[in-house]
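Encoded as structure tokens, the structure appears first; notes follow it.
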Amino acid sequence: MDFALSDDQKALRGLARDFAKNEIRPKAEHHDKTGEYPLQILKKAWEIGLMNIHIPEKYNGAGMTELDDTIIGEELFWGCSAMATAILANNLALAPVLIGASDEVLKKWVQPMTEQFQLCAYAVTEPGAGSDVAGIRTTARKVGDEYIINGSKMWITNAGYADWFFVLTKTDPAAGHKGITGFIVSSKTPGVVVGKKELNMGQKCSDTRGITFEEVKVHKSQMIGKEGEGFKIAMGAFDHTRPGVAIGAVGVARAAMEHALEYAKTRTAFGKPIVENQAISFMIAEMARDIEAGRLLCHQAAWLIDNGFRNTYQASIAKAFCADACMRITTDAVQVLGGYGFNSEYPVEKLMRDAKIFQIYEGTSQIQRLIISRYLTEGKGIEGPNL
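The sequence shown runs 1 to 387 under full-length UniProt numbering.
This is the structure we're talking about:
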């Protein structure tokens, strides 16, 4: 067992850390206050190789691992949660495509992303179907060699800038989750209507919108996998992406702890720095404890999927733990700063607002608990990875 990063991984971490420090952090306040989409920052991230990292070498990609993803993600989210979500959202849309798409689809839709800057979006959530993916109502009916898509999606990250979407539809509404099929759909296809940018509590410069599909025609060659395999492919994608989302919560929590610690070392009360008061020092110690534990959970879940093991249980534990810890740590950071923490001139209130989404997107904290409890009920997982 070796917990050390390789020299290549250390270099990758350094690249991401420098980018977060020099490109993301100086602009984070501006983008939070204006909500302006950080398009130029995304383009710089693409240019230096921090985007689309999982595209295989066969398609001119870097072919990086999920562990590499967690290393990059922690640093970018430390820089700014909203910008990191925008930068790394391609990973979520690409995941089901890389799992289930044909060689023809990968060459036509994925390989060009290594040659020019492009964005894609994961269009699964609907106004009435979030955690209950099997409850989606968007349909795709077959007409000759085409499928005609009708329906609406909601809360789709990067929707306003995406070149294409991974869209989950029902090709057989009577078959439940076995009647769900995924397609790649160009954003320029007639009938695709992208809605207004949503004004969210946190991650304000992340582009989140609804999408409506009105008689949208796609060729059968744009199907991902086979008809009826969409649910399985989409759920399998979460095993790849949840460690990366969970580590994002670690990055935000780490930023909050650093701000809290720095403030506690310099702020005096009753004649001494407040960090010397046990009530404050213990809060910070607990922040550090959960950040270290969360990082290890993420790395374990990523390592498992990289090495051919199923990681659903571990990925859900990482996601639930890190999301909840991040919310608690950012809240405690505001508490350490007191009135300054509650003020928008100081960064911790932004971190607290940004933290909340980790308990919601890519499966709520309640859904993660449901997955974990089902594994335990079935007698799986409790003894650790079956290696």
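Glycine residues also receive a C-beta, built at the ideal position from the N, C-alpha and C atoms.
Paired residues, beta bridge with residue i - DSSP
{"i": "Q219", "result": "Going by the sequence as given, residue 219 is His instead of Gln. In the DSSP output, where bridge partners are listed per residue, H219 has E146."}
{"i": "K170", "result": "T139, I180"}
{"i": "E126", "result": "A129"}
{"i": "W164", "result": "C120, S186"}
{"i": "F213", "result": "G151, V192"}
{"i": "T208", "result": "T157"}
{"i": "residue 388", "result": "A query on residue 388 cannot be resolved here, the shown segment of the chain reaching from 1 to 387 and no further."}
{"i": "A269", "result": "K272"}
Residue interval of the beta strand (DSSP E) (run including residue i)
{"i": "V194", "result": "192-194"}
{"i": "A121", "result": "120-123"}
Delimiting residues of the alpha helix (DSSP H) encompassing residue i
{"i": "V336", "result": "312-337"}
{"i": "L376", "result": "365-377"}
{"i": "S281", "result": "278-306"}
{"i": "G230", "result": "230-266"}
{"i": "residue 415", "result": "Any answer about residue 415 is impossible in this case: the structure gives the chain only from 1 up to 387."}
{"i": "W46", "result": "39-47"}
{"i": "Q359", "result": "Where Q359 is concerned, there is no enclosing alpha helix (DSSP H), given that its DSSP letter is neither H nor E."}
{"i": "F19", "result": "7-19"}
{"i": "T114", "result": "Element bounds for T114: n/a, residue is neither H nor E."}
{"i": "K33", "result": "25-34"}
Residue i classed as buried or exposed, judged by whether at least 16 other C-beta atoms fall within 10 angstroms
{"i": "N307", "result": "exposed"}
{"i": "K170", "result": "buried"}
{"i": "E75", "result": "buried"}
{"i": "K153", "result": "buried"}
{"i": "V143", "result": "exposed"}
{"i": "D132", "result": "exposed"}
{"i": "P243", "result": "buried"}
{"i": "S81", "result": "buried"}
{"i": "N90", "result": "buried"}
{"i": "S206", "result": "buried"}
{"i": "I48", "result": "exposed"}
{"i": "M64", "result": "buried"}
{"i": "P347", "result": "buried"}
{"i": "E126", "result": "buried"}
Residue from the options whose Cα sits closest to the Cα of residue i
{"i": "M51", "options": "I156, A86, P273", "result": "A86"}
{"i": "A237", "options": "E286, A315, Q359", "result": "A315"}
{"i": "A355", "options": "A288, Y375, T189, D332", "result": "D332"}
{"i": "L168", "options": "Y161, I211, D207, I41", "result": "I211"}
{"i": "G130", "options": "G341, I156, L42", "result": "I156"}
{"i": "Y161", "options": "I148, E214, E115, R209", "result": "R209"}
{"i": "F3", "options": "A234, G271, M83, L67", "result": "L67"}
{"i": "T139", "options": "K272, V218, T114, K204", "result": "V218"}
{"i": "K188", "options": "V216, K350, L370", "result": "V216"}
{"i": "E229", "options": "K272, K178, F213, Q203", "result": "K178"}
{"i": "C322", "options": "E362, G339, D172, A28", "result": "E362"}
{"i": "N158", "options": "A45, Q368, P38", "result": "P38"}
{"i": "L88", "options": "D18, A234, L42", "result": "L42"}
Residue i: CB within 7 Å of a non-hydrogen atom of the ligand ZN
{"i": "K319", "result": "With respect to the ligand ZN, the structure offers nothing, as it holds no ligand at all."}
Residue-chain proximity (residue i, chain C), Cβ-Cβ < 8 Å
{"i": "N307", "result": "The structure shown contains no chain C, having only a single protein chain."}
Open item on the list: Using a Cβ distance threshold of 8 Å, determine whether the stretch 252-266 contacts the stretch 190-197, with at least three qualifying pairs required.
Closed with: no
Task: At least 3 beta-carbon pairs within less than 8 Å: the stretch 168-188 vs the stretch 95-110 - done: yes
TODO: State whether the stretch 59-75 contacts the stretch 215-228, with contact taken as three or more CB pairs (one from each stretch) at a distance under 8 Å.
DONE: no
Open item on the list: For the structure I just gave you, are there three or more beta carbon pairs, one from the stretch 272-281 and one from the stretch 353-368, closer than 8 Å?
Closed with: no
Open item on the list: Taking 8 Å as the cut-off, does the stretch 237-249 touch the stretch 317-332 (at least 3 CB pairs, one atom from each stretch)?
Closed with: yes
TODO: Flag this pair as touching only if the stretch 264-276 and the stretch 26-41 have three or more C-beta atom pairs under 8 Å; answer yes or no.
DONE: no
Task: Given 8 Å, three or more beta-carbon pairs between the stretch 340-348 and the stretch 358-374 - done: no
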